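Novice:
Quick look at the structure:
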């Protein structure tokens with residue numbers, strides 16, 4: 073299926089985010105191996121400048137003009153129930169390579185995404201130049217101070233619960249999530265009585281092929297915020313276009329408001345969340361991923 077020119081241009085423009093991330097990695101390599109101190113100065117100056125930038129409506133409109141969601145042959149957003157318009161936390165799975173289930177759906181109008189503050193790691197937002205593009209588009213930090221501020225005022229937030237580990241587990245043809253050791257989001261949701269929605273994007277893990285050896289080592293690298301994925305497509309770092317990207321927002325899980333939740337409270341509602349995610353998957357998988365079980369790590 074031929075893609076419109078502006079969609080092709082927008083998809084290529086999106087690759088600048090990856091290019092800048094690679095450049096930051098190369099700078100780090102030069103700093104460690106060759107002790108090039110100018111890299112430290114450049115990093116500090118760039119990160120300082122990025123702190124001063126905030127979401128730009130002009131930049132967002134510029135990005136939306138490209139209609140890059142049309143890169144994929146089929147894309148759809150399904151809501152199992154109408155989400156609340158406030159005090160909700162949308163937890164996206166799987167992370168995949170580019171988190172397109174979350175980021176790309178921000179380009180789709182008239183869905184719950186339009187009322188969402190998307191949160192990303194401090195690491196991703198701090199990467200020179202790359203983090204600037206994410207910030208201008210409207211992504212904010214998922215650190216405790218910002219998450220507390222947003223939940224306290226009843227905002228709707230979107231987070232990638234599985235983080236780097238879930239990205240590392242990405243494997244073509246399989247659906248994997250990393251959730252067993254991720255409980256912090258439950259603690260914050262309990263403090264403010266936030267409704268949690270599990271969200272799953274079918275097709276996310278099929279956008280790229282990945283190297284799957286040395287999994288334990290790559291997961292260990294994630295502890296130090298080091299990327300543990302090696303990926304490619306027929307178009308190098310551009311995702312495969314001939315896939316179905318179906319994002320399903322599950323049923324809301326109403327949490328009680330507990331100012332200081334105990335470990336038992338957190339464990340209880342963490343298990344309820346995992347069951348909600350499994351229910352979402354099991355109901356929709358026969359249509360969108362037949363005979364592909366959900367693997368929970």
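Residue numbers (this note's numbering): 73 to 369. Quick reminder that beta carbons are idealized off the backbone N, C-alpha and C, glycines included. Note that the coordinates shown come from a computational prediction; the quantities given were computed from them, not determined experimentally.
Taking the alpha carbon of residue 264 as the point to measure from, which residue in 295, 340 and 159 has its own alpha carbon closest?
Specialist: Of the candidates 295, 340 and 159, the one whose C-alpha sits nearest the C-alpha of residue 264 is 159.
Novice: Name the two residues that bound the continuous beta strand (DSSP E) containing residue 164.
Specialist: It spans 160-165 - the beta strand (DSSP E) in which residue 164 sits, taken as one unbroken run.
Novice: From residue 97 to residue 125, what does the alpha carbon distance come to, in whole angstroms?
Specialist: One C-alpha to the other measures close to 22 Å.
Novice: Would you mind sorting residue 111 into buried or exposed? The rule is 16 or more other CB atoms within 10 Å of its CB.
Specialist: Buried, by the Cβ-count rule.
Novice: Could you tell me if residue 254 is buried or exposed, where buried requires 16 or more neighbouring beta carbons within 10 angstroms of its beta carbon?
Specialist: Buried is the call here.
Novice: Would you check if there are 3 or more beta carbon pairs closer than 8 Å linking the region 311-321 to the region 146-163?
Specialist: Touching, per the Cβ criterion.
Novice: If you compare alpha carbons, which of 239, 333 and 327 is closest to residue 279?
Specialist: If we check each option's Cα against that of residue 279, 239 comes out closest.
Novice: Taking the runs of the alpha helix (DSSP H) that are 4 residues or longer, which of them lie wholly in the region 75-110?
Specialist: DSSP runs (the alpha helix (DSSP H)) wholly in the region 75-110: 77-106.
Novice: What residue does the beta strand (DSSP E) around residue 268 start on, and which one ends it?
Specialist: Its beta strand (DSSP E) spans residues 267-274.
Novice: How many Å lie between residue 358 and residue 366 at the Cα?
Specialist: Taking the straight line from one Cα to the other gives about 12 Å.
Novice: Give me, in chain order, the residues of the same chain whose beta-carbon lies closer than 6 Å to that of residue 161; leave out the 5 immediate sequence neighbours on both sides.
Specialist: Excluding residues within five positions, the ones whose Cβ falls inside 6 Å are 229, 261, 266 and 268.
Novice: What is the residue span of the beta strand (DSSP E) that residue 335 lies within?
Specialist: Not the beta strand (DSSP E): residue 335 falls in the alpha helix (DSSP H), residues 335-360.
Novice: DSSP on residue 363, reduced to helix/strand/coil?
Specialist: The answer is coil: DSSP assigns residue 363 none of H, G, I, E or B.
Novice: What does DSSP give as the partner residue(s) for residue 307 in the beta ladder?
Specialist: Bridge partners of residue 307: 310.
Novice: Measuring CA to CA, which of 93, 80, 145 and 153 is closest to residue 325?
Specialist: Comparing Cα-Cα distances from residue 325 to each of 93, 80, 145 and 153, the minimum goes to 153.
Novice: Quick one: Cα of residue 234 to Cα of residue 369, how far?
Specialist: Whole-angstrom Cα-Cα distance: 10 Å.
Novice: The alpha helix (DSSP H) with residue 133 in it runs from where to where?
Specialist: Looking at the DSSP string, the run of the alpha helix (DSSP H) that includes residue 133 is 129-137.
Novice: Report buried or exposed for residue 328, applying the criterion of at least 16 other Cβ atoms within 10 angstroms of its Cβ.
Specialist: Exposed is the call here.
Novice: Along the chain, where does the beta strand (DSSP E) containing residue 230 start, and where does it finish?
Specialist: Here the beta strand (DSSP E) through residue 230 covers 229-232.
Novice: Taking only runs of the alpha helix (DSSP H) that begin and end inside the region 234-269, which ones reach a length of at least 4 residues, in chain order?
Specialist: With a minimum length of 4 residues, the continuous alpha helix (DSSP H) runs that stay inside the region 234-269 are 235-240 and 256-263.
Novice: Identify every residue that forms a DSSP beta bridge with residue 194.
Specialist: BP columns for residue 194 are empty, so no partner.
Novice: Assuming contact is defined by CB atoms lying nearer than 8 Å, are residue 301 and residue 169 in contact in what I supplied?
Specialist: The answer is yes: Cβ separation under 8 Å.
Novice: For residue 134, which option in 363, 338 and 210 has the closest C-alpha, if you only look at C-alpha atoms?
Specialist: Closest option to residue 134, Cα to Cα, is 210.
Novice: Does the region 189-203 come close enough to the region 83-96 to have 3 or more Cβ pairs within less than 8 Å?
Specialist: Judged by Cβ distances under 8 Å, the region 189-203 makes contact with the region 83-96, as three or more pairs qualify.
Novice: Quickly, what does DSSP pair residue 147 with across the bridge? List them, please.
Specialist: Paired residues: 317.
Novice: Quick check: residue 247 and residue 364, are their CB atoms within less than 8 Å of each other?
Specialist: A contact, by the Cβ cut-off of 8 Å.
Novice: With respect to the alpha helix (DSSP H) encompassing residue 180, which residues constitute its N-terminal and C-terminal limits?
Specialist: First-last for residue 180: undefined, no H or E at that position.
Novice: Decide if the region 282-289 is in contact with the region 300-314; the criterion is three or more beta carbon pairs, one per stretch, under 8 Å apart.
Specialist: Output reads yes: the region 300-314 touches the region 282-289.
Novice: Looking only at DSSP bridge pairs, what is residue 281 linked to?
Specialist: Per DSSP, 304.
Novice: Secondary structure at residue 217, three-state DSSP: helix, strand or coil?
Specialist: If DSSP states are grouped into helix, strand and coil, residue 217 belongs with the helices.
Novice: Is residue 23 buried or exposed, if buried means 16 or more other CB atoms sit within 10 Å of its CB?
Specialist: Because the chain is modelled from 73 through 369, residue 23 falls outside the range shown and cannot be assessed.
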